[in-house]
């Protein structure tokens with residue numbers, strides 16, 4: 001409740017701030033004045049989706065620092081957009097593109113980089129980043145932010161999905177989760193743990209964050225671990241990938257967990273924290289919330305893999321780019337660089353215990369050298385895989401998420417996955433094939 | 001004589017002239033009054049609809065408003081081969097076919113109930129009407145919790161009567177019915193209010209006279225109340241139908257069209273194609289068809305109900 005009020009106050013104050021920013025942006029005919037502002041203050045609008053309280057505060061802190069450092073030259077006005085558990089932020093972006101009212105600096109989810117770049121609504125930033133700067137980013141950040149050889153949008157942080165476990169429950173059943181990546185639980189071992197622990201109102205795991213992007217972000221890895229993916233590496237075809245034999249096997253495993261009620265398809269957000277789930281597929285962003293539950297003793301182990309398959313883990317994060325609508329691309333690029341520099345990286349990483357986007361930042365984050373956070377660092381730096389880079393990603397993720405949700409509710413596996421493949425391939429051929 | 005007559009004629013003429021002036025003034029005033037409404041209608045309804053017809057013939061990626069391609073009837077060709085379109089159309093009509101009679105019947109029952117001289121009559125009226133003034137989004141989110149397949153309140157209640165947990169929104173067979181149930185609960189209060197107004201417009205002496213003639217309560221309802229409510233009922237049926245056909249918020253919030261597209265409606269399909277997949281051209285084609293369907297339904301309802 002308190003969190004909600006603070007978030008609301010924050011949103012209101014930011015909205016008020018942005019009103020002026022938007023106006024500055026819109027007035028004056030094109031090309032007039034904007035070029036010769038010289039010593040005049042350049043106001044930039046910046047949109048990002050609402051996150052948790054700590055994360056929102058970290059952004060506020062970094063934007064304030066930016067405005068102080070560039071006082072009298074650039075003023076960055078941040079507007080926080082409510083995201084819900086759905087695609088509300090993307091809807092807002094779509095509407096802004098149609099009406100040419102995109103902000104100068106725009107946050108975008110990693111897998112949307114290809115789509116936005118292909119649609120030319122964000123501009124390449126290669127000229128603003130030195131080679132040294134680029135090499136400092138962890139590789140997945142460069143990979144995620146690039147489309148057809150150009151670099152568009154650096155990620156603000158990195159992310160990963162790990163398997164949290166409730167120590168008390170593990171102790172009760174004498175289970176010792178692995179602390180070395182080569183011993184990571186296989187699907188079957190994880191299944192056995194769930195079978196043992198799912199009793200008396202406790203679920204074996206908690207793994208439904210939302211039924212939108214999360215489904216693709218977290219569960220595509222089951223396909224990868226089993227030696228396939230949900231589209232081909234070029235991103236042009238889903239037939240024979242998402243619905244391949246290995247794909248069907250991965251989906252069937254997830255369906256088995258649902259059929260045996262080892263997880264709650266509609267969980268309370270704090271199910272794991274309240275001791276109602278023995279394990280949880282979650283991310284570093286969950287960690288700050290754990291301290292509100294003093295009874296919870298938690299640990300981290302690796303993302304489960306297919307026996308004999310690839311060890312893998314989700315990655316990807318929100319990135320930030322410069323919109324093609326911006327009249328001040330140079331200043332906007334300055335803001336993007338600031339928001340993704342080492343200091344921002346450290347502030348963000350510390351505030352929400354998300355892994356940093358820059359190698360240099362880890363020097364200031366010694367906590368990642370030890371358990372439990374070591375697990376996250378290991379995954380990020382060695383096995384993490386980005387989501388497919390394809391301009392048809394919006395259709396892919398929506399259809400895949402729908403199909404997987406259906407499968408977890410008992411739909412026929414092959415039929416559901418065939419439908420994803422058919423819809424994606426149609427869409428790609430119709431709109432993106434050259 | 002002649003002069004008198006001509007004077008009279010003249011008087012009449014000037015009278016009619018002044019009448020004409022007054023009429024003209026009234027006409028001008030009339031147009032002045034409707035102008036704002038007409039402008040708003042044109043800007044927010046007519047123009048967008050004309051655009052939709054136009055865009056229906058194009059390939060239009062929402063992120064590329066600079067690259068709109070004319071493709072003739074291609075969108076319609078795809079649409080009539082799209083099984084998801086037929087599924088959505090079926091779901092929309094199914095929802096309408098059940099919700100309209102059920103919701104109107106419930107509303108009428110509630111109206112008859114709160115029309116009695118009960119104690120706390122106004123409290124009941126407020127109770128039945130309060131879901132209407134609550135945002136549908138809020139209600140939909142609340143009902144997700146009520147319908148939770150594992151620990152929802154409704155399942156707890158069913159367990160009390162020895163019925164096992166039901167999946168509700170998470171089952172392709174139950175999701176649409178779950179949405180129908182909560183939709184009726186949410187909206188019936190609105191129609192109840194209209195019926196109530198209709199009931200209070202029925203003169204009391206009709207019932208009095210009939211009871212002197214020996215009519216019982218049921219006969220009064222059948223032969224006096226219901227026929228007197230005919231016009232109100234036509235109105236209620238029409239608006240309920242139009243609202244039902246536009247079903248969007250409940251499936252958008254509660255099921256996202258699933259499971260297995262069992263709650264995907266035309267409005268949701270248009271939204272998803274247009275905004276999530278950014279195929280504005282295709283979405284426009286679907287909305288044109290959707291519009292034609294709504295027009296057809298409301299006109300045929302009007303004709304059917306009036307001719308009876």
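Chains as they are written, first to last, in UniProt numbering: chain A, 1 to 434; chain B, 1 to 308. All residues carry an ideal CB built from backbone N, CA and C; glycine is no exception.
Close-in-space but distant-in-sequence residues of the same chain around residue i (CB under 7 Å, 5 per side omitted)
i	result
residue 178/B	147, 168, 169
residue 137/B	249, 253
residue 288/B	52, 53, 56
residue 121/A	97, 102, 323, 324
residue 333/A	125, 128, 322
residue 372/A	299, 300
residue 360/A	136, 342
Whole-angstrom distance between residue j and residue i, CA atom to CA atom
i	j	result
residue 232/A	residue 241/A	6 Å
residue 231/B	residue 305/B	9 Å
residue 42/A	residue 218/A	40 Å
residue 98/A	residue 159/B	51 Å
residue 253/B	residue 206/B	48 Å
residue 57/A	residue 141/B	27 Å
residue 77/B	residue 257/B	23 Å
residue 186/B	residue 176/B	15 Å
residue 211/A	residue 149/B	16 Å
residue 183/A	residue 286/B	52 Å
residue 143/A	residue 331/A	24 Å
residue 365/A	residue 301/A	20 Å
residue 95/A	residue 270/B	15 Å
residue 345/A	residue 376/A	16 Å
residue 349/A	residue 204/A	30 Å
residue 389/A	residue 352/A	26 Å
residue 300/B	residue 294/B	10 Å
residue 450/A	residue 391/A	There is simply no residue 450/A to check, as chain A begins at 1 and stops at 434 in what is shown.
residue 263/A	residue 165/B	15 Å
residue 354/A	residue 316/A	11 Å
residue 430/A	residue 86/B	21 Å
residue 234/A	residue 167/A	42 Å
residue 291/B	residue 173/B	28 Å
residue 320/A	residue 161/A	21 Å
Residues near residue i by beta carbon distance below 8 Å, same chain, minus five either side
i	result
residue 268/A	274, 276
residue 114/B	121, 124, 125, 128, 192, 196
residue 409/A	258, 265
residue 72/B	57
Contact test: residue i Cβ vs the ligand MG heavy atom, cutoff 6 Å
i	result
residue 433/A	Questions concerning the ligand MG fall outside what the structure shown contains, since it holds no ligand whatsoever.
Residues that residue i bridges to, as DSSP identifies them
i	result
residue 109/A	318/A
residue 163/A	281/A, 301/A
residue 47/A	79/A, 106/A
residue 206/A	280/A
residue 220/B	For residue 220/B, which the question treats as bridged, DSSP gives no partner whatsoever.
residue 58/B	70/B
residue 42/A	74/A
residue 122/A	323/A
residue 313/A	384/A
Nonlocal neighbours in the same chain, by C-beta distance under 6 Å from residue i, ignoring five residues either side
i	result
residue 61/B	278
residue 68/B	58, 60
residue 244/A	228
residue 383/A	311, 312, 313
residue 437/A	Nothing in the structure corresponds to residue 437/A, since chain A is present only between 1 and 434.
residue 50/B	none
residue 49/A	81, 83, 89
residue 326/A	104, 332
Proximity below 7 Å, CB of residue i to CB of residue j
i	j	result
residue 236/B	residue 194/B	yes
residue 165/A	residue 279/A	yes
residue 241/B	residue 104/B	no
residue 244/B	residue 35/B	no
residue 118/A	residue 424/A	no
residue 92/B	residue 238/B	no
residue 274/B	residue 267/B	no
residue 406/A	residue 251/B	no
Contacts that residue i makes with chain E (C-beta to C-beta distance below 8 Å)
i	result
residue 91/A	The structure shown has no chain E; the protein chains it does contain are A and B.
Beta strand (DSSP E) segments (min. 3 residues) lying fully within the segment 242–299 of chain A: 277–282
Segments of 4+ residues assigned as alpha helix (DSSP H) that fall wholly inside the segment 134–195 of chain A: 139–145, 167–172
Runs of alpha helix (DSSP H) wholly within the segment 61–100 of chain B (minimum 4 residues, chain order): 74–79
Sequence ranges, beta strand (DSSP E) only - wholly within the segment 259–295 of chain B, length at least 3: none
Alpha helix (DSSP H) runs wholly inside the segment 105–178 of chain B, at least 4 long, in chain order: 121–133, 136–146, 153–160
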